[in-house]
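Down below is the structure, laid out as structure tokens.
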Amino acid sequence: MSVPVVGMSEHDFKAALKKTRRAIIPVGSLEQHGSHLPVYTDSLIAEYVARSVADRVGAFVLPVISYGVSFEHKPMFNVSLRNSTLSTLICDVCISLTENRIRKIIILNGHHGNIGVFQYIAQELHGRLPEAARVHTIHYWHMMKAEFDHAGEVETSLVLAIAPELVRMDRAAPNSKKLSKSKAAYSSITNVPGSFPKITGNGVWGDPRKATAAKGEKWIEEITAGLAKTISELA
Ligand SMILES: [Zn+2]
Numbered sequence: 171m172s173v174p175v176v177g178m179s180e181h182d183f184k185a186a187l188k189k190t191r192r193a194i195i196p197v198g199s200l201e202q203h204g205s206h207l208p209v210y211t212d213s214l215i216a217e218y219v220a221r222s223v224a225d226r227v228g229a230f231v232l233p234v235i236s237y238g239v240s241f242e243h244k245p246m247f248n249v250s251l252r253n254s255t256l257s258t259l260i261c262d263v264c265i266s267l268t269e270n271r272i273r274k275i276i277i278l279n280g281h282h283g284n285i286g287v288f289q290y291i292a293q294e295l296h297g298r299l300p301e302a303a304r305v306h307t308i309h310y311w312h313m314m315k316a317e318f319d320h321a322g323e324v325e326t327s328l329v330l331a332i333a334p335e336l337v338r339m340d341r342a343a344p345n346s347k348k349l350s351k352s353k354a355a356y357s358s359i360t361n362v363p364g365s366f367p368k369i370t371g372n373g374v375w376g377d378p379r380k381a382t383a384a385k386g387e388k389w390i391e392e393i394t395a396g397l398a399k400t401i402s403e404l405a
């Protein structure tokens, strides 16, 4: 039973609260995703998978928080929050939800640059929530076996499955610089503001020309099943 909070009335809220005390907060970003995908990509994916897993586990689905920490994409398009701002925002939303009798909160993260904030959310909220309340974060790409990318085969396939009208496959191009360093080096370098265009050349990580809607549908099923299992393990 998915209860999207967008479109929910007070009446709907009270009725649904008898069936579930769980809420999912999808969090994305607003940042360049190459010339072929919308800047809203991470938010779009996070909100979509939040709704699809809520159908299986039962949950309220909050409107997506579509601002994240994306300074690594400078000087390409990004609208970014500082870590402290996103942390404060998420903490306030969680506290407010518990005042509305929600007891299980899942933050469903759709953007790599937000990871640092979510690692410390439980510490930030410690002692500020009712005893029975729990807050957990899941990064959706951890549910996939495929290697994650940025506007490459994976993300492009996901958007082709969710909102094909937003994809310009005629403009899809792989990273214009060769990615030859180690994964460890890149995961350290990409924490630096402005690093992403320097590494990739054109802001794309991976090859979006390999993307198809069928792959996207398969991965969404894998993500949704993984999320449902993980959420049941957290319960
Ligand atoms: Zn993305």
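When you line the sequence shown up against the numbering used here, it's residues 171 to 405, in that order.
Idealized CB from N, CA, C, for every residue including glycine.
All values reported here derive from a predicted model rather than from experimental measurement.
| Query | Result |
| --- | --- |
| D377: CB within 7 Å of a non-hydrogen atom of ligand 1 | no |
| Straight-line Cα distance separating E387 from L259 | 32 Å |
| 4-residue-minimum alpha helix (DSSP H) runs that sit fully inside the stretch 227 to 265, ordered along the chain | none |
| Per DSSP, the bridge partner or partners of I393 | None; I393 has no bridge partner. |
| CB-CB length for I277 against V305, believed under 8 Å | 7 Å |
| Beta-carbon spacing of T400, V219 below 8 Å | no |
| E132: CB within 7 Å of a non-hydrogen atom of ligand 1 | It is not possible to answer for residue 132, since the shown part of the chain is limited to 171 through 405. |
| Contacts around A343, its chain only, beta-carbon distance under 8 Å, and the 5 residues preceding and following it disregarded | G204, S205, H206, N372, V374, P378 and R379 |
| Among T370, C261 and V223, nearest to Q293 - alpha-carbon criterion | C261 |
| Cβ-heavy atom distance, H309 to ligand 1, below 7 Å | no |
| Distance between E242 and L200 (C-alpha atoms, nearest Å) | 12 Å |
| Burial state of L349, where buried means 16 or more other Cβ atoms lie within 10 Å | exposed |
| Endpoints, beta strand (DSSP E) assigned at P174 | S172 to P174 |
| Check: H306 C-beta below 7 Å from any heavy atom of ligand 1 | no |
| Spatial neighbours of Y356 in its chain, beta-carbon cut-off 8 Å, leaving aside the 5 residues before and after | L349 and I369 |
| Contacting residues, own chain, Cβ-Cβ under 8 Å from I359 (five flanking each side not counted) | K351, S365 and I369 |
| 6 Å Cβ shell around H309 - same chain, five flanking residues per side excluded | N279 |
| Per DSSP, the bridge partner or partners of A354 | None, per the DSSP bridge assignment. |
| Continuous alpha helix (DSSP H) stretch holding T370: start and end | S365 to T370 |
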